[in-house]
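Asker: Each residue of the sequence shown is one higher than the one before, starting from 25 at the first, in this note's numbering. Ideal placement from N, C-alpha and C gives every residue a C-beta, glycine not left out. Bear in mind the structure is a predicted one, so any value in this text is a computation, not a measurement.
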Amino acid sequence: MPTPDTLQRFIARVEANAHAAACEEFYTENSSMQENQATPRIGRAAHVAAEHAVMSRARSVSSTCVHPVLVNGDHVVIRWIFRFEWLDGSVTQMEELAYQRWEGECIAEETFFYDPAQRIPKK
Numbered sequence: 025m026p027t028p029d030t031l032q033r034f035i036a037r038v039e040a041n042a043h044a045a046a047c048e049e050f051y052t053e054n055s056s057m058q059e060n061q062a063t064p065r066i067g068r069a070a071h072v073a074a075e076h077a078v079m080s081r082a083r084s085v086s087s088t089c090v091h092p093v094l095v096n097g098d099h100v101v102i103r104w105i106f107r108f109e110w111l112d113g114s115v116t117q118m119e120e121l122a123y124q125r126w127e128g129e130c131i132a133e134e135t136f137f138y139d140p141a142q143r144i145p146k147k
């Protein structure tokens with residue numbers, strides 16, 4: 025189960041838009057990350073690579089945790105709002121729930137739930 029301090033540090037990392045660093049610091053080596061019902065990505069290295077790929081296409085990113093964060097033992101739910109300004113000038117704003125299972129102080133499994141229609145950039 026993560027401590028309140030660990031959760032705050034994780035949230036602060038994401039809100040600072042250090043998404044890849046958050047993966048490196050707070051995910052287990054063999055963790056899984058899944059978008060809605062898509063095939064999960066397995067392994068911290070895959071998560072870091074995916075975050076770098078997304079961030080390389082963005083001019084700017086804003087990441088906001090909407091409180092309260094829900095914690096029940098090893099399970100955590102965080103509501104996020106992300107705003108991406110892409111290199112082509114389009115904008116994507118997404119709201120999602122991240123359902124996490126922690127092993128001690130690290131995330132072992134995470135599934136993101138969101139409306140895929142939000143992923144369509146707006147000019």
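Residue 76 bridges to which residues according to DSSP?
Answerer: As a first step, residue 76 is located in the sequence shown; it is residue number 52 there, counting from the start. Its beta-bridge partners do not exist; DSSP assigns none.
Asker: Roughly how many whole angstroms lie between the Cα atoms of residue 25 and residue 55?
Answerer: On the sequence shown, position 1 is the one that residue 25 refers to. On the sequence shown, position 31 is the one that residue 55 refers to. Distance between the alpha carbons of residue 25 and residue 55: 15 Å.
Asker: Can you have a look at residue 31 and say buried or exposed, based on whether 16 or more other CB atoms are within 10 angstroms of its CB?
Answerer: By one-based count along the sequence shown, residue 31 stands at place 7. Result: buried.
Asker: Just curious, the beta strand (DSSP E) that residue 142 is in, first and last residue?
Answerer: Position 118 of the sequence shown, counted from the first residue, corresponds to residue 142. Taken as a continuous stretch (DSSP letters only), residue 142 belongs to no beta strand (DSSP E), as it is neither H nor E.
Asker: I'd like to confirm something about residue 141: is its beta-carbon nearer than 7 Å to some heavy atom of the ligand MN, or not?
Answerer: As presented, the structure is devoid of all ligands, the ligand MN included, so that no description of it is given.
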